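Following: one structure in structure tokens, then a few remarks.
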Amino acid sequence: MSLLKEIKHRKEKRKKSLAVLVDPDKVSDMNELSALTSLAKECCLDFFFVGGSLLTQDNLSRVIQQLKDNCDIPVVLFPGNSMQISNNADALLFLSLISGRNADFLIGQHVNAAPLLKKSSLEIIPTGYMIINSQATTAVSYMSNTLPIPPEKYSIASSTALAGEMLGLDIIYLDAGSGSDQEISPKMIRKVRETVSVPMIVGGGINSALKATQALEAGADIIVIGNAIEKNPNLMIEVSDKIYDFNKSLNVH
Ligand code: 1GP
3 MSLLKEIKHR KEKRKKSLAV LVDPDKVSDM NELSALTSLA KECCLDFFFV
53 GGSLLTQDNL SRVIQQLKDN CDIPVVLFPG NSMQISNNAD ALLFLSLISG
103 RNADFLIGQH VNAAPLLKKS SLEIIPTGYM IINSQATTAV SYMSNTLPIP
153 PEKYSIASST ALAGEMLGLD IIYLDAGSGS DQEISPKMIR KVRETVSVPM
203 IVGGGINSAL KATQALEAGA DIIVIGNAIE KNPNLMIEVS DKIYDFNKSL
253 NVH
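Start counting the sequence shown at 3; every next residue gets the next number (this note's numbering).
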């Protein structure tokens, strides 16, 4: 089954998932990844996402290969730009930054990447990417040269997600920005959830099992955690346990 089909299938069953974001710039030694993958196997992690707003280390492919060598968990590229492509991954979130008005991140980078992606074996997952934050200075806002949607502007966010769905995007990703001190609020997630029916990914600033649970209960199908698991790997266990309990209560585990 393709990953997108699997994600849609899980959503239909109301089953929740966790993705751990690996920023290749923060990996200085490939051996560091073995502890992470051991923990991920123990937790039955659903996905690794790999990427960043800016990569300077030229190790994207090696990081992905190391993850693949260590475990069978699907690796999904979460690219900051069209240079972040690697055939070693399983799939790529083909992100159109629909919360912004920068044509380059709506379609320009995609034109550069499309011929390469066509030749690759990557599964391409069309994704409406929305930055929601009160700060205009997160790395992703700065690098994409776009303004985020303000956190209280529920109807702007819902209408943006709806337009993305109507344009045929298969997934909506709500991101507060990596390392954000303010995660996407449950109210915002709920408002967008009520408006669209495609699977929803939510990330940015989730740094506790409570915040993870609140995001999932509000309607996120997949939550993404990067920084907080780098600082405290045991959070992966705590959040996975919550997701396990949640999914078990649906009788679909
Ligand atoms: C950012 O959603 C991801 O794009 C993860 O963010 O690193 O804050 O968990 P964090």
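All C-beta atoms, glycine included, are put in the ideal place defined by N, C-alpha and C. Every value quoted in this text rests on a predicted model; they were computed, and no experiment measured them.
### residue 177 classed as buried or exposed, judged by whether at least 16 other C-beta atoms fall within 10 angstroms
For this step, residue 177 is matched to residue 175 along the sequence shown. With 16 or more Cβ atoms within 10 Å of its Cβ, residue 177 is classed as buried.
Quick one: what's got a C-beta closer than 6 Å to residue 92's C-beta in the same chain, skipping five residues either side? Numbered from 1 along the sequence shown, position 90 holds the residue referred to as residue 92. Hits under 6 Å: 76 and 77.
(request) Report yes or no: do the region 146-166 and the region 211-219 share at least 3 C-beta pairs separated by less than 8 Å? (result) No: fewer than three Cβ pairs fall under 8 Å.
Residue 40 to residue 144, Cα distance in whole Å?
Numbered from 1 along the sequence shown, position 38 holds the residue referred to as residue 40. Numbered from 1 along the sequence shown, position 142 holds the residue referred to as residue 144. Roughly 34 Å separates the two Cα atoms.
**Status (buried if at least 16 other CB within 10 Å, exposed otherwise) for residue 129** = Against the sequence shown, residue 129 aligns to sequence position 127. Its Cβ being crowded by 16 or more others within 10 Å, residue 129 is buried.
If distances are taken between C-alpha atoms only, which option among 172, 226, 82 and 22 comes closest to residue 185? As a first step, residue 185 must be located in the sequence shown, where it is residue number 183. Out of 172, 226, 82 and 22, 226 has the C-alpha closest to the C-alpha of residue 185.
Compute every distance between the C-beta of residue 237 and the non-hydrogen atoms of the ligand 1GP, then say whether any falls below 7 Å. Residue numbering aside, residue 237 sits at position 235 when the sequence shown is read from its first letter. False, no ligand heavy atom lies under 7 Å from that Cβ.
Residue 34 versus residue 157: straight-line alpha-carbon distance, rounded: The residue you call residue 34 lines up with position 32 of the sequence shown. The residue you call residue 157 lines up with position 155 of the sequence shown. About 43 Å.
Between residue 230 and the ligand 1GP, is there a pair consisting of the residue's CB and a ligand heavy atom that are separated by less than 7 Å?
By 1-based counting over the sequence shown, the position of residue 230 is 228. Checking the Cβ of residue 230 against the ligand 1GP gives yes.
* Asked: Expressed to the nearest angstrom, what Euclidean distance is found between the alpha-carbon atoms of residue 203 and residue 125?
  -> For the purposes of this step, residue 203 is taken as the residue at position 201 of the sequence shown. For the purposes of this step, residue 125 is taken as the residue at position 123 of the sequence shown. Spanning the two alpha carbons is a distance of roughly 17 Å.
What would DSSP say about residue 125, mapped onto helix, strand or coil? Indexing the sequence shown from 1 puts residue 125 at position 123. If DSSP states are grouped into helix, strand and coil, residue 125 belongs with the strands.
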